[in-house]
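Since the structure comes first, as structure tokens, the remarks are kept for the end.
In this note's numbering, the protein residues as written are 2 to 160.
Below you can see the structure in the form of structure tokens.
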């Protein structure tokens, strides 16, 4: 809560941060399908998944929303079978891999209601993207997380 925030903005920030902390403490790990590695760059994997049933989060969601970042990690949420994503992205199981696949913890309708996504991909709800950026636990991710919390998807999407 900053002195310049109104009481309502301060309450909203505490609620938002509380939800993110709770998500990082449990449901995020419970939703884990697996970690993977690939020889492809994250942007190339995203392009390969353009027709797949995946939702982007973390660095790749920020890039799709127009932020100036070259993703190193890739956070994917897959509602149904992960097989098509594994095949298209040439993913190999790897406990230390930079590609993380999870099941969404939100309802399918919330993606439509929130109007999330760019021309080719759906983006996870804002608090999930923010949490996945914080989970990187590096200064670059923390800076991007703060930008995301302030602006969300209001930037011009990349094509």
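The C-beta atom is built at its ideal place from N, Cα and C for all residues, glycine as well.
With the rule of 3 Cβ pairs closer than 8 Å, the segment 34-50 counts as touching the segment 86-93. Beta-bridge analysis with DSSP links residue 94 to 37.
The segment 20-28 makes contact with the segment 125-135; the number of CB pairs closer than 8 Å reaches 3 or more. Here residue 53 has 85, 86, 89 as same chain residues with Cβ atoms under 7 Å from its own Cβ, once five neighbours each way along the sequence are excluded.
Residue 57 has 77, 124 as its beta-bridge partners, per DSSP. Residue state for residue 42 is assigned as coil, using DSSP reduced to three classes. When DSSP states are grouped into helix, strand and coil, residue 104 belongs to the coil group. In the three-state reduction of the DSSP assignment, residue 67 falls in the coil class, being assigned neither a helical nor a strand state. Contact annotation: residue 79 and residue 34 have beta-carbon atoms nearer than 8 Å. When the Cα atoms are used, residue 27 and residue 64 turn out to be separated by approximately 26 Å. Rounded to the nearest whole angstrom, the C-alpha separation of residue 147 and residue 12 is 17 Å.
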